[in-house]
Amino acid sequence: MKSVDIREAKVNLSRLVAQAAKGEPFVITKAGKPLVKVVPVDAPSPRKVRRLGFMMGRIKVPDDFDRMGEEEIAALFDPGS
Numbered sequence: 076m077k078s079v080d081i082r083e084a085k086v087n088l089s090r091l092v093a094q095a096a097k098g099e100p101f102v103i104t105k106a107g108k109p110l111v112k113v114v115p116v117d118a119p120s121p122r123k124v125r126r127l128g129f130m131m132g133r134i135k136v137p138d139d140f141d142r143m144g145e146e147e148i149a150a151l152f153d154p155g156s
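Take the sequence shown: its position 43, counted from the start at 1, is 118 in my numbering, and no numbers get skipped.
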């Protein structure tokens, strides 16, 4: 990743921002130490976004899903049956 001194960044800010917007992030430094990282706003976040329905079509829910374990659960609440 490109590093740019803060003085150079002040002089060339428009050009640097245009490059960052095209997907070329850079780091602004001061006295050789990194201060900030400039990245495009729509850049993907470091962690992966979890979406609902990402397993659609890959798993199948049984038709009797809502009745599974029905007898065992009833026995827990009615020990006489």
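Quick reminder that beta carbons are idealized off the backbone N, C-alpha and C, glycines included. Here the structure is a predicted model, which is why all the values come from computation and not from measurement.
Asked: Selected residue, minimal CA-CA separation from G107, among I148, K77 and L151; Found: K77
Asked: Length of the line joining the Cα atoms of K136 and V116; Found: In the sequence as displayed, the identity of residue 136 is Val instead of Lys. Roughly 39 Å separates the two Cα atoms.
Asked: Local Cβ density within 10 Å of L127, reported as buried at 16 or more and exposed below that; Found: exposed
Asked: Contact under 8 Å by Cβ, A95 with V114; Found: yes
Asked: Extent of the continuous alpha helix (DSSP H) run through L91; Found: L88 to A96
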